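Asker:
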Amino acid sequence: MRHRLDTLRERFNALHCTVDRWNARVPGLNSSSGKGTTVRSTQSMLAKHPELHIDRLAQAWPELFADFADDQNLEERLRNEHRYANQEQHARAQIEELRKEMSMALPHDLDYQSMEFMRPELRDAMDERRPNSLAAAARVPGINDTALHFLLRYVKMRRQ
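At position 8 of the sequence shown (counting the first as 1) the number is 1471 in the numbering used here, and the numbers step up by one without a gap.
1) Kindly indicate the opening and closing residues of the beta strand (DSSP E) around K1481.
2) Output needed for P1594: all residues of its chain with C-beta closer than 7 Å, excluding positions within five of it in sequence on either side, in chain order.
3) Start and end of the beta strand (DSSP E) containing V1603?
4) When DSSP labels each residue in this structure, what does A1532 get in the three-state scheme?
5) Who are the Cβ neighbours of A1598 in its own chain at under 7 Å, not counting the five residues just before and after it?
6) What distance in whole Å lies between the Cβ atoms of W1485 and M1464, which are believed to be in contact at a cut-off of 8 Å?
7) Would you kindly work out how many angstroms separate the C-alpha atoms of L1520 and E1559, rounded to a whole number?
8) Taking I1517 as the reference, give the member of R1503, E1538, T1500 and S1504 with the closest Cα.
9) When DSSP labels each residue in this structure, what does V1618 get in the three-state scheme?
10) Are the beta-carbon atoms of R1503 and T1481 separated by less than 9 Å?
11) What is the DSSP secondary structure of S1596, reduced to helix, strand or coil?
12) Hey, W1524 and L1478 are a contact pair by Cβ (cut 8 Å); roughly how many whole angstroms apart?
13) Please report the distance separating the alpha-carbon of E1473 from that of R1586.
14) Any beta carbon of chain B sitting closer than 9 Å to that of R1586?
15) Can you list, in chain order, the residues of its chain whose CB lies under 8 Å from that of S1596, leaving out five sequence neighbours each side?
16) Do F1531 and R1467 count as a contact pair if the criterion is CB distance below 9 Å?
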């Protein structure tokens, strides 16, 4: 099972085609995700097109996927891996952005009560403590990385 999963993952990672080629090779796909010359990976196409399954890939590229045409379990595992890898990558990018901006000064006149992305008790705590930087806000009890990231975005948008 593990070997088959690794093999299918390698084949998914190896196949990259333009949107036009995906549309030509996979009947009924009609992908409009990107321009015709935009290159998409198999993982990306599976994520964007839930109707695309391994059996259709096997019809389009039998040399790569015929051995896996009947194995929806492997397909589903790889779909989930891709989904969670994207979420993890997004979370890491948010954390990295926070790390770079921790010294950012927070305006004294922020209206924390209007920040709907925070829970009411966190709004109250932020309003009471009035942190002067993002790093100080990170030490307020009850704040998490998501709320900090939204606060960072809020302050950056306000400055523009």
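Every residue, glycine too, gets a C-beta built ideally from N, C-alpha and C.
The structure presented is a predicted model; accordingly, all values stated were derived computationally and were not measured.
Answerer: Walking through what the data contain:
1) The residue labelled residue 1481 in the question sits at position 18 within the sequence shown. What sits at residue 1481 in the sequence shown is Thr, not Lys. Run containing T1481: H1479 to T1481, per the beta strand (DSSP E) assignment.
2) Here residue 1594 refers to the residue found at position 131 when the sequence shown is read from its first residue. Once the five neighbours on either side are set aside, the close Cβ partners of P1594 are L1569, A1600 and V1603.
3) In the sequence shown, the residue the question calls residue 1603 occupies position 140. Element bounds for V1603: n/a, residue is neither H nor E.
4) By 1-based counting over the sequence shown, the position of residue 1532 is 69. In this structure, A1532 counts as coil in the three-state DSSP scheme.
5) The count along the sequence shown starts at 1 and reaches residue 1598 at position 135. Correct list, in chain order: M1565 and S1566.
6) For the purposes of this step, residue 1464 is taken as residue 1 along the sequence shown, with counting starting at 1. For the purposes of this step, residue 1485 is taken as residue 22 along the sequence shown, with counting starting at 1. With 8 Å as the limit, M1464 and W1485 do not qualify as a contact, their Cβ atoms being about 28 Å apart.
7) One-based indexing of the sequence shown puts residue 1520 at position 57. One-based indexing of the sequence shown puts residue 1559 at position 96. When rounded, the distance between both Cα atoms is 37 Å.
8) On the sequence shown, residue 1517 is found 54 positions in, with the first residue counted as 1. Nearest option by C-alpha distance: E1538.
9) Here residue 1618 corresponds to residue number 155 of the sequence shown, with the count starting at 1. DSSP places V1618 in helix when its eight states are reduced to three.
10) For this step, residue 1503 is matched to residue 40 along the sequence shown. For this step, residue 1481 is matched to residue 18 along the sequence shown. Cβ distance < 9 Å, so R1503 and T1481 count as in contact.
11) To locate residue 1596, count along the sequence shown from 1; it is residue 133. Correct three-state label for S1596: strand.
12) By 1-based counting over the sequence shown, the position of residue 1524 is 61. By 1-based counting over the sequence shown, the position of residue 1478 is 15. That pair is a contact at about 7 Å.
13) The count along the sequence shown starts at 1 and reaches residue 1473 at position 10. The count along the sequence shown starts at 1 and reaches residue 1586 at position 123. If I take the Cα positions, the gap works out to 47 Å.
14) The chain inventory of the structure shown lacks chain B, comprising one protein chain alone.
15) Walking along the sequence shown from the start, residue 1596 turns up at place 133. Result list for S1596: M1565, S1566, M1567, A1568 and L1569, in chain order.
16) Locating residue 1467 in the sequence shown gives position 4, where the first residue counts as 1. Locating residue 1531 in the sequence shown gives position 68, where the first residue counts as 1. Cβ atoms of R1467 and F1531: closer than 9 Å.
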